[in-house]
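Protein chains in written order, with our numbering: chain A, 164 to 467; chain G, 28 to 320. For each residue, glycine too, the CB sits at the ideal point set by N, CA and C.
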Amino acid sequence: MASDPNILLLPFQYEFFLRAIIVSILVGGVCGLLGVYIVLRGMSYIGHGMSHAVFGGAVASYIVGFNFYIGATIWGFVSAFLINEITRRNKIKPDAAIGVVTTAGFAIGVFLISTTRSYTRNFEALLFGNILGITDQDLIVILLVTIITSAFLFFFQKRLLFTLFDKEAANVYGVRTTVVELLFSLILATVVIASMNSIGVTLLAAGIVAPAISARMITSNFTKMVLSSTIMGVIIAFLGMYSSYYFDSASGSTIVLYGAAAFGISSLYAYLCKIYQRHSHGRLVHSHPHTHIEEHKQEHLRKP
Amino acid sequence: MSSWLWRKRRNTSTNRKIKDSCYSSSYNDDASSDRNPVLYLRNLTYGYVSHRAVIENVSLQIPKGMFIGLLGPSGSGKSTLIKIILGLLKPWSGSMEYNLSNTTYAFKQVDKRLVIGYVPQIETVDWNFPVTVREVVSMGIWDRSGISPFLSKNTVIEIDRVLDSLEIRGHEFGKRQIRELSGGEQQRIFLARALIRKPSILVLDEPISGIDHNTREKILSILKSLSKSGLTIIMTTHDLSGIARRLPWVVCMNKKIIAEGTPSETLTDANLLKTYGLVDNNNEGDAGDDIAV
Chain A
164 MASDPNILLL
174 PFQYEFFLRA
184 IIVSILVGGV
194 CGLLGVYIVL
204 RGMSYIGHGM
214 SHAVFGGAVA
224 SYIVGFNFYI
234 GATIWGFVSA
244 FLINEITRRN
254 KIKPDAAIGV
264 VTTAGFAIGV
274 FLISTTRSYT
284 RNFEALLFGN
294 ILGITDQDLI
304 VILLVTIITS
314 AFLFFFQKRL
324 LFTLFDKEAA
334 NVYGVRTTVV
344 ELLFSLILAT
354 VVIASMNSIG
364 VTLLAAGIVA
374 PAISARMITS
384 NFTKMVLSST
394 IMGVIIAFLG
404 MYSSYYFDSA
414 SGSTIVLYGA
424 AAFGISSLYA
434 YLCKIYQRHS
444 HGRLVHSHPH
454 THIEEHKQEH
464 LRKP
Chain G
28 MSSWLWRKRR
38 NTSTNRKIKD
48 SCYSSSYNDD
58 ASSDRNPVLY
68 LRNLTYGYVS
78 HRAVIENVSL
88 QIPKGMFIGL
98 LGPSGSGKST
108 LIKIILGLLK
118 PWSGSMEYNL
128 SNTTYAFKQV
138 DKRLVIGYVP
148 QIETVDWNFP
158 VTVREVVSMG
168 IWDRSGISPF
178 LSKNTVIEID
188 RVLDSLEIRG
198 HEFGKRQIRE
208 LSGGEQQRIF
218 LARALIRKPS
228 ILVLDEPISG
238 IDHNTREKIL
248 SILKSLSKSG
258 LTIIMTTHDL
268 SGIARRLPWV
278 VCMNKKIIAE
288 GTPSETLTDA
298 NLLKTYGLVD
308 NNNEGDAGDD
318 IAV
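As C-alpha cells, then:
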C-alpha cells in the first residue's frame, strides 16, 4: 500500500501534468499581476470581453490556415485598438464599446464554425480550456508573454499608475495616456491569447480578476496589492490544477472555483479586521487605524 | 505656530523675505531665469458642441508672478479656458504664446520649456485609490525620478521637502493612504504634486471649494506666499465674497471676458450683473442693492 507522501506526489510523475502545473503557475501569476491594473481601472469586464473577442480570431485563423497565435493576436490587437478608439472619440463609455466589439468578435467565431464545415477542432477546449493538452510551443509562448508583461508593467508602472489615478493631470504632466492605455490593452490581449488554451475563453475573466479583488480586500497599499495578487494568482492556479487531478475535474473551472474561494476568504478576513479594529477609549467607540499620532490624541479629548 | 525658514531673494530692489521652499531658487534671478514666462491668450474660441461656443474671443495677457482669479458662474467657461491653457483642449480659433527669456514661443502641449503645475478639483479624483501620499506627490516628477517603479531616497527627500514647505510635517505622513486625508490635506497633496515639478505657471481649478474656513485660509496664504516668490498663479473660483475680493487680480468671465483688474475696479455692480446676472450686496457704497448669490 502506498504511503501518504507518495499519493501527494503522484500527479508529478506525469510529464504532461508537470507541464500543466508550470503553465498554470505562469498564467496564474501573470493574470494576478495584470488583474490589479484592470480592477483599478474599473474595467474588470474587459478581460471577459477580450477573451470572447479573441475567440473569433482563433476560429478564423484555424479556418484560413494561419497559426493560431498569429490569427488570435491580430484579432486581439484590432479589438483592443477599436475599444480604445471608440471610447476616446465618441460619447460612448468603455463598457458599451467593449460590449459591442467583443461580442461581435465572439459572434464571428460562432458564425464561422456554424457555416464552415472544415472546422474540426475541439470547440469545447477553446471555451473551457485544455491545460493538459498544452504543447511545448504553448509553454514557450506563455513564458515569453509573462516576461514581456512583467517588463512592461515594471518600466511603465509610473505612467500607468498616474493614468489610472488622475488621467487629466497625467496628460498635463506629459504622460501620453492614449499610448499608455493602448499599450496596456495590447498587453492584455496578449495575455488573454496566451492563457486561453489553459483556462479557456469563458473562465479567463475570473482568472484575471479574482486574485486582484481578493488582494484589494486585504490591503490598501498599491505595492502590496500587486505582490499579493500575483502570489495569490500563483497559489490559486497551483491548488486548482493540483486538486483537479484528485477531483478528476476540468482544470480551468477548478482553478476559477479556487479563485472564488480566495475572494470569499479575503472578504471574510476584511470583515473580521474591521470588527476587530472597532475599539473604545473611555466613552469613545470607533473603528480606524490606530496610529497614536498627535492629531489622533486630540480625538480622545473630545466628548462623544 | 511653527517657525519658518527664510531666505533673502536675490536681484530684487526690495529686500523681501520669502519662505524657504523647493522652488524659491528658481525665482531668485530674474535676468537668467527661464521659468517665469508671460502668457498670452489671443481670441480663443472653443465649444464642446459644434456651433455652440463655450468661450468666445477670449484674450488675456498674464504677467509674470501674477496671482489671477478667474471668476464666473457655473458654465461660464472658466474650466474650459483652464483646460485650453493646460493643453487638454485645442481651441477652434485663436492662439497662445508664452514669453521665456524675452523670446516668444507658440504654446504647445508638453513643451519642456514651459512647465505647468496643475491642481484639479478634488471631486474629480477617486480617493479610494490605493496610493500613498508620497506616491501621489511623486507623480509630479514621474519623468525625472528614474525608470524603477520604486521611489529612490533622493525622491523621498525631495517629496518630504515639498510637503514640509506646505506645512505638512512628519516623515510618516508620506506613508499614509490618501483616503485617510482630510479635504484640506488632499488639496495640499495635489499642490505638492504640482510644486515638486517646479512649474512656471500654477493652474488651480476651484481649489477652495468644499473645504472648511480655516483650511481655506491656510491654502490661500500658501498661494499668496507662492505668488510673492514669483510663481504665476491662475485660479478659478465662483466664491465672490470669500475669495475673489481678496485676490490681487480678478478676471470676470461669462463666455467672454467681462472685465479684469483689481477687485475694487472689477467687482462693480455693472460687471457683476454682466457676469452673474445679479448684483453683489457686499460691494461697498452700493447699499440697498439686491442680494447676490
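At 7 Å on the CB atoms, spell out the chain A contacts of residue i, in chain order.
| i | result |
| --- | --- |
| Y145 of chain G | A332, V335 |
| D170 of chain G | G337 |
Which first and last residues belong to the beta strand (DSSP E) in which residue i is found?
| i | result |
| --- | --- |
| M262 of chain G | 259-264 |
| T72 of chain G | 65-73 |
| E287 of chain G | 283-288 |
Applying a beta-carbon distance threshold of less than 9 Å, which residues of chain G neighbour residue i?
| i | result |
| --- | --- |
| F317 of chain A | I174, S175, P176 |
So, with DSSP's three-state summary, where would you put residue i?
| i | result |
| --- | --- |
| Q148 of chain G | coil |
| N55 of chain G | Low local confidence applies: a pLDDT of 34 at N55 of chain G is under 50, so the model's placement there is unreliable, with the coordinate-based value given in what follows. Residue state, collapsed to three classes: coil. |
| G192 of chain A | helix |
| G96 of chain G | strand |
| L115 of chain G | coil |
| A80 of chain G | coil |
| T393 of chain A | helix |
| E124 of chain G | strand |
| D61 of chain G | In this predicted model, D61 of chain G has a pLDDT of only 42, less than 50, meaning its place in the structure is not dependable; the value taken from the coordinates is given anyway. Of the three classes helix, strand and coil, the one that applies to D61 of chain G here is coil, per DSSP. |
| M280 of chain G | strand |
| I235 of chain G | coil |
| R182 of chain A | helix |
| S86 of chain G | strand |
| V230 of chain G | strand |
| L32 of chain G | In this predicted model, L32 of chain G has a pLDDT of only 27, less than 50, meaning its place in the structure is not dependable; the value taken from the coordinates is given anyway. Looking at L32 of chain G - three-state DSSP - the assignment turns out to be coil, as it is neither helix nor strand. |
| I376 of chain A | helix |
| T382 of chain A | coil |
| A314 of chain G | Only weak support is given to the placement of A314 of chain G: the predicted model assigns it a pLDDT of 37, under 50, and the value that follows is read from those uncertain coordinates. Reduced to three states, the DSSP call for A314 of chain G is coil. |
| I276 of chain A | helix |
| V308 of chain A | helix |
| I297 of chain A | coil |
| I438 of chain A | helix |
| T159 of chain G | strand |
| I174 of chain G | coil |
I need the boundaries of the alpha helix (DSSP H) containing residue i, first residue and last residue.
| i | result |
| --- | --- |
| W238 of chain A | 231-252 |
| A413 of chain A | Element bounds for A413 of chain A: n/a, residue is neither H nor E. |
| M213 of chain A | 208-227 |
| E199 of chain G | Looking at the DSSP string, E199 of chain G is not in any alpha helix (DSSP H), and its letter there is neither H nor E. |
| R188 of chain G | 180-192 |
| D322 of chain G | The question about residue 322 of chain G has no answer, for chain G in this structure spans 28 to 320. |
| R322 of chain A | 320-328 |
| G24 of chain G | The requested residue 24 of chain G is not part of the displayed model; chain G covers only 28 to 320. |
| A357 of chain A | 340-358 |
So, residue i versus residue j, is the Cβ gap smaller than 8 Å?
| i | j | result |
| --- | --- | --- |
| A260 of chain A | T250 of chain A | yes |
| S86 of chain G | I216 of chain G | no |
| L231 of chain G | T259 of chain G | no |
| K251 of chain G | G211 of chain G | no |
| L196 of chain A | V389 of chain A | yes |
| W154 of chain G | R206 of chain G | yes |
| S321 of chain G | K282 of chain G | In the structure as shown, chain G begins at 28 and stops at 320. Residue 321 of chain G is therefore absent and cannot be evaluated. |
| H215 of chain A | V364 of chain A | yes |
| V419 of chain A | V354 of chain A | no |
| L247 of chain G | A219 of chain G | no |
| F319 of chain A | P157 of chain G | no |
| I184 of chain A | L351 of chain A | no |
| E331 of chain A | L115 of chain G | yes |
| G74 of chain G | A271 of chain G | no |
| I82 of chain G | L71 of chain G | yes |
| P176 of chain G | K321 of chain A | yes |
| I371 of chain A | G415 of chain A | no |
| F218 of chain A | G272 of chain A | yes |
| V335 of chain A | G191 of chain A | no |
| Y232 of chain A | I356 of chain A | yes |
Show which residues of chain G have a CB atom less than 8 Å away from the CB atom of residue i.
| i | result |
| --- | --- |
| M388 of chain A | P157 |
| Q497 of chain A | The structure shown does not extend to residue 497 of chain A, since chain A is modelled only from 164 through 467, so no value can be given for it. |
Using the beta-carbon of each residue, which ones in chain G are nearer than 7 Å to residue i?
| i | result |
| --- | --- |
| R204 of chain A | Within 7 Å Cβ-Cβ: nothing; R204 of chain A doesn't reach chain G, min ~11 Å. |
Mind pulling the chain A residues with CB within less than 9 Å of residue i?
| i | result |
| --- | --- |
| G210 of chain G | Here the premise fails: no neighbours, minimum Cβ distance about 15 Å. |
Please list, in chain order, the chain A residues whose beta carbon lies closer than 8 Å to that of residue i.
| i | result |
| --- | --- |
| V152 of chain G | F328, D329 |
| R224 of chain G | Y336 |
| M166 of chain G | K321, L324, F325, F328, D329, A332, A333, Y336 |
| Q204 of chain G | S383, N384 |
| E162 of chain G | L324, F385 |
Of the residues that make up the segment 102-128 of chain G, which ones have a beta carbon closer than 9 Å to any beta carbon in chain A? K110, L113, G114, L115
If the cut-off is 9 Å on Cβ atoms, which residues from the segment 367-388 of chain A count as contacting chain G, listed in chain order? R379, T382, S383, N384, F385, T386, K387, M388
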